[in-house]
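Q: Numbering (this note's numbering), first residue to last: 3 to 295. C-beta atoms are modelled at their ideal positions from N, C-alpha and C, and glycine is treated no differently. No experiment lies behind these values; they were computed from the predicted model shown. Shown below is the structure under consideration.
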């Protein structure tokens with residue numbers, strides 16, 4: 003037998019429970035909005051011009067554009083299409099861009115824990131250090147929002163062997179970052195099941211536009227193609243579509259114009275879609291856990 007991680011069992015999508023999302027929809031869709039911050043000259047970075055020598059003001063300023071300008075425009079554009087964002091939040095943004103937090107709250111955003119900053123990674127952390135880090139992120143959101151976050155999305159989508167166990171033990175209900183399925187899936191942990199809500203690893207402007215250097219128009223076309231294919235497939239069974247954008251990537255004006263065309267296409271079919279936040283999807287499954295495998 004091949005070695006496996008053992009976190010979930012094989013289950014063909016052709017053999018699943020049937021149900022309907024709220025509003026009679028067969029397709030649930032959420033938009034993840036990455037609102038991030040980075041330490042200057044330290045740790046992990048997302049660069050538009052890799053290899054720039056230190057001190058790197060060029061890439062730093064490009065990233066800063068997101069929280070000064072791009073995120074506000076993305077939030078406004080989603081609001082225009084009646085889509086409440088699922089914000090993947092670095093909690094340092096509470097200190098560095100409080101006005102942006104307020105704008106997200108006004109838009110009805112859900113705040114998903116996304117680390118303290120995106121200069122961080124869980125990779126290489128001891129179990130004790132990782133537990134303390136996960137708890138610190140939850141505490142920061144609980145202090146600011148009045149309740150701890152239900153969802154977790156790791157900075158850089160990085161995990162250790164202990165991450166899912168620690169998330170379950172810390173009280174998180176679901177995780178974003180895995181595209182193993184088009185439906186929510188229960189992950190096994192040492193304490194209790196943890197829900198994996200489908201996450202668009204490729205329908206993600208970081209991995210596609212920056213990582214693979216795709217054009218903004220190509221990214222928009224990919225969104226439309228994914229939507230139409232999933233809308234058709236959802237006639238047979240309920241599905242989840244996700245789209246992940248970042249303030250300093252899709253918030254750039256020329257990319258925002260292309261993204262808007264995709265949003266307009268999707269919004270025109272809202273009679274067949276449940277526009278939800280990731281936490282709304284998780285709560286729907288938690289109300290009847292047998293809906294997920």
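1) Do the CB positions of residue 250 and residue 68 come within less than 7 Å of each other?
2) Starting from the Cα of residue 173, find the closest Cα among 191, 163, 225 and give me that residue.
3) Measure the CB-CB distance between residue 98 and residue 279 and report whether it falls below 7 Å.
4) Below 7 Å CB to CB, which residues in the same chain sit around residue 287 once its five sequence neighbours on both sides are set aside?
5) Enumerate in chain order the residues of its own chain whose CB-to-CB distance from residue 260 is below 6 Å, with the five nearest sequence positions on each side excluded.
6) With H, G and I counted as helix, E and B as strand and the rest as coil, what does DSSP make of residue 61?
7) So residue 176 is in the beta strand (DSSP E); what residue range does that whole segment cover?
8) With DSSP as the reference, please indicate the residues paired to residue 147 in a beta bridge.
9) Excluding the five sequence neighbours on either side, which residues of its own chain have a C-beta within less than 8 Å of the C-beta of residue 57, listed in chain order?
10) In the region 61-132, which residue ranges form an unbroken beta strand (DSSP E) of at least 3 residues, counting only runs that do not cross its ends?
11) Where do the N-terminal and C-terminal ends of the alpha helix (DSSP H) with residue 229 fall, by residue?
12) Below 8 Å on the Cβ atoms is my contact criterion, and I expect residue 125 with residue 170 to pass it. Report the Cβ-Cβ distance as a whole number of Å.
13) Name the one or two DSSP bridge partners that residue 248 has.
14) Should residue 77 be labelled buried (16 or more other beta-carbon atoms within 10 Å of its own) or exposed?
A: Taking the definition as stated:
1) yes
2) 191
3) no
4) Cβ neighbours of residue 287 beyond the five flanking positions: 186, 197, 293, 294.
5) Excluding positions up to five away in sequence, the list reads 218, 219, 222.
6) helix
7) It spans 176-178 - the beta strand (DSSP E) in which residue 176 sits, taken as one unbroken run.
8) Answer is none; residue 147 lacks a bridge partner.
9) 42, 43
10) 88-91, 112-115
11) 218-235
12) Contact flag wrong, Cβ pair sits at about 20 Å.
13) 36
14) buried
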